[in-house]
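Residue numbers (our numbering), protein chains in the order written: chain V, 1 to 340; chain D, 1001 to 1340; chain B, 2001 to 2340; chain A, 3001 to 3340; chain U, 4001 to 4340; chain Y, 5001 to 5340. The beta-carbon is built from N, C-alpha and C at its ideal position, and this holds for glycine as well.
Protein chains: 6
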Amino acid sequence: MKKIVTFGEIMLRLGPPGFERFTQAHTFEVIYGGAEANVAISLAHFGESTDYVTRLPDNDLAEACLGSLRQHRVGTDHVLRGGDRLGIYFVEKGAAQRGSKVIYDRAGSSFAALEPGMIDWQAALAEAAWFHWSGITPALTPGAAAACREAITTARSLGLTISCDLNYRHALWKWGKSSAEVMPELVAMGEIVMGNPETVETMFGITAPDPAGDPVEQTRLVAEQLAARCPNLTTIAFTARESHSASHNTWSATLWQAGHFYSGPSYDLTPIIDRVGGGDAFTAGLIYGLRRKPDEPTYALRFATAAACLKHTIPGDSNLVTVAEVEHLMSGDGSGRISR
Amino acid sequence: MKKIVTFGEIMLRLGPPGFERFTQAHTFEVIYGGAEANVAISLAHFGESTDYVTRLPDNDLAEACLGSLRQHRVGTDHVLRGGDRLGIYFVEKGAAQRGSKVIYDRAGSSFAALEPGMIDWQAALAEAAWFHWSGITPALTPGAAAACREAITTARSLGLTISCDLNYRHALWKWGKSSAEVMPELVAMGEIVMGNPETVETMFGITAPDPAGDPVEQTRLVAEQLAARCPNLTTIAFTARESHSASHNTWSATLWQAGHFYSGPSYDLTPIIDRVGGGDAFTAGLIYGLRRKPDEPTYALRFATAAACLKHTIPGDSNLVTVAEVEHLMSGDGSGRISR
Amino acid sequence: MKKIVTFGEIMLRLGPPGFERFTQAHTFEVIYGGAEANVAISLAHFGESTDYVTRLPDNDLAEACLGSLRQHRVGTDHVLRGGDRLGIYFVEKGAAQRGSKVIYDRAGSSFAALEPGMIDWQAALAEAAWFHWSGITPALTPGAAAACREAITTARSLGLTISCDLNYRHALWKWGKSSAEVMPELVAMGEIVMGNPETVETMFGITAPDPAGDPVEQTRLVAEQLAARCPNLTTIAFTARESHSASHNTWSATLWQAGHFYSGPSYDLTPIIDRVGGGDAFTAGLIYGLRRKPDEPTYALRFATAAACLKHTIPGDSNLVTVAEVEHLMSGDGSGRISR
Amino acid sequence: MKKIVTFGEIMLRLGPPGFERFTQAHTFEVIYGGAEANVAISLAHFGESTDYVTRLPDNDLAEACLGSLRQHRVGTDHVLRGGDRLGIYFVEKGAAQRGSKVIYDRAGSSFAALEPGMIDWQAALAEAAWFHWSGITPALTPGAAAACREAITTARSLGLTISCDLNYRHALWKWGKSSAEVMPELVAMGEIVMGNPETVETMFGITAPDPAGDPVEQTRLVAEQLAARCPNLTTIAFTARESHSASHNTWSATLWQAGHFYSGPSYDLTPIIDRVGGGDAFTAGLIYGLRRKPDEPTYALRFATAAACLKHTIPGDSNLVTVAEVEHLMSGDGSGRISR
Amino acid sequence: MKKIVTFGEIMLRLGPPGFERFTQAHTFEVIYGGAEANVAISLAHFGESTDYVTRLPDNDLAEACLGSLRQHRVGTDHVLRGGDRLGIYFVEKGAAQRGSKVIYDRAGSSFAALEPGMIDWQAALAEAAWFHWSGITPALTPGAAAACREAITTARSLGLTISCDLNYRHALWKWGKSSAEVMPELVAMGEIVMGNPETVETMFGITAPDPAGDPVEQTRLVAEQLAARCPNLTTIAFTARESHSASHNTWSATLWQAGHFYSGPSYDLTPIIDRVGGGDAFTAGLIYGLRRKPDEPTYALRFATAAACLKHTIPGDSNLVTVAEVEHLMSGDGSGRISR
Amino acid sequence: MKKIVTFGEIMLRLGPPGFERFTQAHTFEVIYGGAEANVAISLAHFGESTDYVTRLPDNDLAEACLGSLRQHRVGTDHVLRGGDRLGIYFVEKGAAQRGSKVIYDRAGSSFAALEPGMIDWQAALAEAAWFHWSGITPALTPGAAAACREAITTARSLGLTISCDLNYRHALWKWGKSSAEVMPELVAMGEIVMGNPETVETMFGITAPDPAGDPVEQTRLVAEQLAARCPNLTTIAFTARESHSASHNTWSATLWQAGHFYSGPSYDLTPIIDRVGGGDAFTAGLIYGLRRKPDEPTYALRFATAAACLKHTIPGDSNLVTVAEVEHLMSGDGSGRISR
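Here it is, written out as structure tokens:
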């Protein structure tokens, strides 16, 4: 099959080991991650051919970052080098009633300084059939937003399938325009969108008609409105994370496809080893499912949900699981027995 | 606001990483902690100005210990140097049905060899408004008990508010007098006491009138009797830890103040990252609450209980949380969501 | 009391720290373990005099392995040296819905190359009263199976009590004969057997008469049939592990002895620190109980079950707990309170 | 004695453990350091009362940084909070023929955004007798240069002794003016300067008259010219590091004071544990010596040189040694015998 | 430029951290390495396009191994999967008078079970211009030797340049034929050979005519004889390691090319961080130099020697240095100064 | 051969990893060591049958300590349990000009509280041919000194060979008598003594007649005088450590035996990995040599010196080397080549 290209910012993730607070740390674990890179890595573990496009500085940290992508079979031939620095984010893992804490230090990164025309999108997408981006990129700077628009436009002109994870981060979107001003046009150019009703309200102003009504039905109605607003959309996936504590969440998802609406299984996540990247694991699972069984939307929904569940058991940003492992959980076996 | 001075023994805490048993350990984690130092550190994180008074030997381990206190904004100007050694305690963390294990190696420490007259209490308390001690100090040696009495007497003569955590440790109190012979007089000189009904029975001979009666009401009656016995007391706080397993406890507290009795919230602690210092975190929270909102006793009770809850999620002895973090949990949000 | 001799293969166990996957690991924790060695180590911690018999190569890894056995008071005087390599197994610890994963790399080991006549069983068993083996040894190679038979025969001729943990591993038994062809004769020479109904079905073809019937009663009936098939057996212990997730299991056991059938307590294991060796801990507990209180079969059953429960809280293969700790849990105190 | 105030940027220092390259690292060691903070910490270990002035953001990394300063007895009451980020530098330690490598990521830091008027220098210097700064601060941004000028001017007006470490870093000085345009005026306002002849050439255009002549004499002549250019200068210290390999350096220094010129001892540094902060350790030693024995310039020179030597044996940026340890080495005992 | 393909066995390298002995280790560092893989990785760091051909089992350790190759930009598209196990070698690092110790556990590996016909050499070499192998492969098993012969023959038929590192390991060559019976024919098919005079004597029976004569001249005469024996050879490189201690070696090399003989620089290696892979680093440097400056044999010799020198400063098997770093050392700067 | 029994105090050794100072440490490495235990462990690695006698408390740290002895094949059947605590010592490793630092925390230990009559020496020495003690034991307390005298007397009455390492520690000997009052009588009861001329002067008042004379000759004359004073002595070994830096020492030794005097080889120790236990390694080597080749005193001297040399390359207190490894170095091969 042709390639899946994902595009976004990958950062150096640093954080204390175990459950130490930032002020207790004498070492930081070193990981490289970012929403769209996590999707690419997960897809590569599912056997898909993937390429990741970003912009990184010319230093050894960026080399280490590239090595990490290649290690997971993600192609890096179209990564642009230049700019001043690698974005960083610091993660302190929470437990029980104490939530995890993230400090972003991504301003001034090589990626944030991206401008249209820098990346040769014709070349980067030449062997691809699918293009994936997320709402984080246009949130960063006008240049990144414009470069994202350029990528989407090129992908569309080349006939690629386009998916977007809305990924709303309130702390971003500081450059002058709101997500509501930027995202609808970009999202409307693609076929697939992942998100949740709250984000749809923020970005599209779409609300559930009866907040007191049946939650699943209200979610369906939000999806219907979004589909009406963006006629090019064929698939809308909404995830729902219920947070009982930092160590115990419940995870489920719904899928709207071509007028039909499906509700997936719910997983009890406890103990959570690392919740970063749970949504990216879902996205990767969904893309895999939609590509491999396009006529079986519930397969994609169930595969994505099981994939997201497994991600929570794995340290780091990336969902290092195989299709067989996801399907084993989909089959109902979440017993965690030893595989010898 | 004027300073809070806490007084007691700080020790070198050593223990295997993770859930290794003592006999499996090839490294020990190095922490410095003790009940009253933990209270001071927690108060400093709440923004209070604190000083810690103790006696430490003249060696590099004591230097490291002092550095650790200063790092957490605790004043050490009145720490006395001298004596033979730093007390040590070894902690093996338990899990599920296997309880944690503590080996004390504190005999002969610089603090245990304390005698009245060694510390210049007039100077040490000159800038303070509050003095906090615990039942561990008089349990150690006759000299430590006498020095503790000297401190309390001076604090009283200077008009400081005095609080005491009863902190009964059966393995101590080996020097000739029992806690029942020593503690009542010392406690009666202060205004605030933290403990639990079992300790009150041991130290004061006060029992709940009807063991089969409603537990909260019985606790109230114990507090009433203790208040009657020590007329100077204005505030009595009782904590209750229910231990389901080493990894799962339930924690709650009650507060008697000036004839009124309040019952606080209950927190489910699971998984427990480190339970050492839970009571000290409660004590610090109570002192903070009583100082900041003296007319709102339930604030102190709820703040202290939420603080103790958060302590169980943090490795080490000390409750490294801010007022904002405690109040976030008090507000009812124990969902452990990521703070970005 | 006279010695307990256990016989089998001990291997180098390697695995990533924490919950890392194999592909994430940059260090492996180094442990030496194997079913029968685990039993010996646990018995030594219970105060029994034990000897372990195996075959190890002449290299420093084998020296480290021997040192580990001696450290736990297990005698190694009859360990044979020779052959090519130490068997290895790699363990990736799972969590929640992701199960643990084991990669065996034991082919060609010094033990697998064992042949009858190599070990001087008369000498090895001279001071022993009890011989323990497991179904892993005859599963390896024809030579190991024959050596196992030789050991059992000698033990019987010397009047030792013989116990066997059936320990069926599907991935083994590749050398030409099935477990059903080999095990029944060997098991029948002993007095005690540990296992579960599924393994009894595989090895003996014995099934529960009414799969839809009461599970405990059905288990009893399987034990009755097995006892009838092997008249020398006096004791049959069946363990039952219910796996809710990799982090949460329920564990219980039943015991058939001389026509009587006993059902033991059930323990909720959560969180599981290391589940490897749970069955070996049970076996060691059972042997200890049967030796110390031969007239009180429920003691052995309850002791073994509580021992297996505690094992799940301890990193590594071996159950490093004392009789006092097991009896504390048997007494009903699984509260995990701190022991100071 | 009155306080020593040092002023500059402290950063988060991250680097692989041992001799790993950046591309091999899975953990980074976490240290907080910067030239002027290192000087303050070293002086505090010598028993001097010190305060450190800088600007840090409002986040937990900055809290950890402040804790690290306080731990070493450095006062932080005048640290300004605000701005966007904590500067970072990454250090890869070299060995033998492979040199260490540093990646700076300090652009956009809270300190770089400093402007005159932000810091209340009257308050910050109120209790001080000595002010120390380095050539790194004016190299950063126009604002930092202006704030540095403001600090020096205020210090002078308050009658403080002012010392400057020229600290030329070619990679900095990118904001429009060269060091030669900025530094001479600032240096001339102080009394003490540390540096080396190469830097004096860069900043002041002063060269040794006879490059082929006796090196010590040429160094003296450079000092004489610098003293003539800056009549306020009383003391000029030049350090000389000869680098045989990353693991083996030779270190020596010379001192010009009021027309006299002194040459100090030379130390063979091998193996070097951490060379970062060697110059800062020299500076701290020099300040200590000049303050404590103002009439004995060779004491200051020898103390500073021995202090710098010891720094190379200590991991991290800071010279964690006592006066007694430095004087022990000054006395000629570099034998490294065990102190029991 | 076209690809360089290297072929051989890559293994899991395990060893204690620091200078612990095997019997002290509780963790092993995990690295993947092997002579020919090390060459490929080093060449990839020099910017060459490389492919590595081997045979690996179908398990997660092999996945981790492949990830490690890809991380370093080595192509793995022609790695064959199958067989039973990944070879392992254990390394204990020595210091001073205590030498390092290696335990090989490679028997029965997937690579050792290689047979001619398994690998599609036409495909594997299709895009290559250079093929590199070493004397380790034919030493393993008859099948590996035959597969190696097949590879060389194919490479020759395709017109590739062929290089061989003689790499004599006495502990191998146990399968029936000696290196002298196997190697000469294989070596003679190539153009370039790396080794040392001792190995040439073992494999070719060629000795220096006058052992008491000038060593460089004698080395030249050995090269001359070898060239005469293998007329296809254009280049012979001999390395010389003088071992003063495990921490201090001297390294130099000579090169015979088309009748000319060159002697390269000598490097003092101290302290040695990791000496494994020093020869492979030389080989990679030589190949790089010969390809990039075919008309300047002393460039290749000096580049290779400097590369080997730098390898000794880097933990692990692989020489993670760039061309710029090697050329910096070639330029004479071995001072190990900080690069900022 | 019959057993060697060593007697003394074993302690918990704690220290920072690498070259961290005490004030930087967040973990301590955990080792169990003591002069006489180190001798026993080294002898066990040489294949000797050894037993270690001491007194340890009844806690898990003592269990871990016993496990460590058994792991190294040292018999612990006659270790007495009781008393209050395990002695501790803290070790900070130095480098270059910074010496290592030791903090002792051994007062009040179970061993220090030893009294005559506690240990059943008849039983403890029943199977022994050799008894070894050191000057540390009588230095501790009157009780320990008396118990040591009891042990020596019993050993003598049983006809054992008795060796003593004088092991003078100035910081000990605080209980009222000086070493000069206690040691001569005890030493005189044995046959073998290890030490150095400085200690002989302190304990026996014996000085070299001509301090300006040839050092070896003067050492011989000291030995002669000591032999004259203690007519029972047959063998006197003097070690000489020249300390160039904490990382580089030179080590040599001399031996007086029955009127003859031998001077051994000298080893350059660089880099030193861990110098603790160097003298104990020498002692163990000497005892081994004297037992195995009683007629070849230079063998013992050379074996002991080479053993001490190797100890400096091994982390921890104990010399974990085999006879083959020592003899390899004795043979002149200190090249540190890899052993594959």
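Against residue i, what residues of chain V qualify as contacts under a CB-to-CB distance less than 9 Å, listed in chain order?
i: Gly4067/U; result: Arg70, Gln71, His72 and Arg73
Quick one: which chain D residues come within Cβ less than 7 Å of residue i?
i: Thr5027/Y; result: Thr1027, Phe1028, Glu1029 and Val1030
Name, please, each residue of chain V whose Cβ falls closer than 7 Å to the Cβ of residue i.
i: Arg3220/A; result: Near Arg3220/A there are no residues of chain V at all, since even the closest Cβ is about 41 Å away, more than 7 Å.
Pull the bridge partners of residue i from the DSSP assignment, please.
i: Ile4119/U; result: Paired residue(s): none; Ile4119/U is not in a bridge.
i: Trp2133/B; result: Cys2164/B
i: His4328/U; result: Paired residue(s): none; His4328/U is not in a bridge.
i: Trp4251/U; result: Arg4241/U and Tyr4267/U
i: Gly5075/Y; result: Asp5051/Y
Report the option in the options whose CA atom is closest to the CA atom of residue i.
i: Arg81/V; options: Ala95/V, Ala96/V, Ala112/V and Gly94/V; result: Ala112/V
i: Thr6/V; options: Val216/V, Arg85/V, Cys230/V and His78/V; result: His78/V
i: Thr154/V; options: Asp84/V, Lys174/V, Ala124/V and Arg169/V; result: Ala124/V
i: Leu2166/B; options: Ala2228/B, Thr2202/B, Ala2151/B and Gly2176/B; result: Thr2202/B
i: Val4388/U; options: Phe4204/U, Ser4252/U, Leu4069/U and Arg4292/U; result: What is shown of chain U runs 4001 to 4340, which leaves residue 4388/U out entirely.
i: Ser2252/B; options: Arg2149/B, Tyr2262/B, Trp2173/B and Asp2120/B; result: Tyr2262/B
i: Asn3196/A; options: Gly3135/A, Thr3054/A, His3328/A and Ser3318/A; result: Gly3135/A
i: Leu1329/D; options: Thr1313/D, His1248/D, Ala1306/D and Pro1297/D; result: Ala1306/D
i: Lys4003/U; options: Asp4105/U, Glu4020/U and Tyr4052/U; result: Tyr4052/U
i: Leu2320/B; options: Ala2095/B, Gly2047/B and Gly2190/B; result: Gly2047/B
Anything in chain B within Cβ reach of residue i, meaning under 8 Å, just list it in chain order.
i: Pro1271/D; result: Pro2271
Does DSSP classify residue i as helix, strand or coil?
i: Gln1097/D; result: coil
i: Arg5021/Y; result: coil
i: Val3276/A; result: coil
i: Ala4128/U; result: strand
Under 8 Å Cβ-Cβ, which residues of chain D neighbour residue i?
i: Thr5023/Y; result: Asp1060, Glu1063, Ala1064 and Gly1067
Inset, instruction - With 8 Å as the limit, tell me which residues of the segment 4093-4105 of chain U have their beta carbon closer than that to any beta carbon of chain B; keep them in chain order. - result: Within the segment 4093-4105 of chain U, those residues whose Cβ lies closer than 8 Å to any Cβ of chain B are, in chain order, Lys4101, Ile4103 and Asp4105.
Inset, instruction - Determine which residues of the segment 3149-3178 of chain A have a Cβ less than 7 Å from any Cβ of chain U, and write them out in chain order. - result: Listed by position along the chain: Arg3169 and Ala3171.
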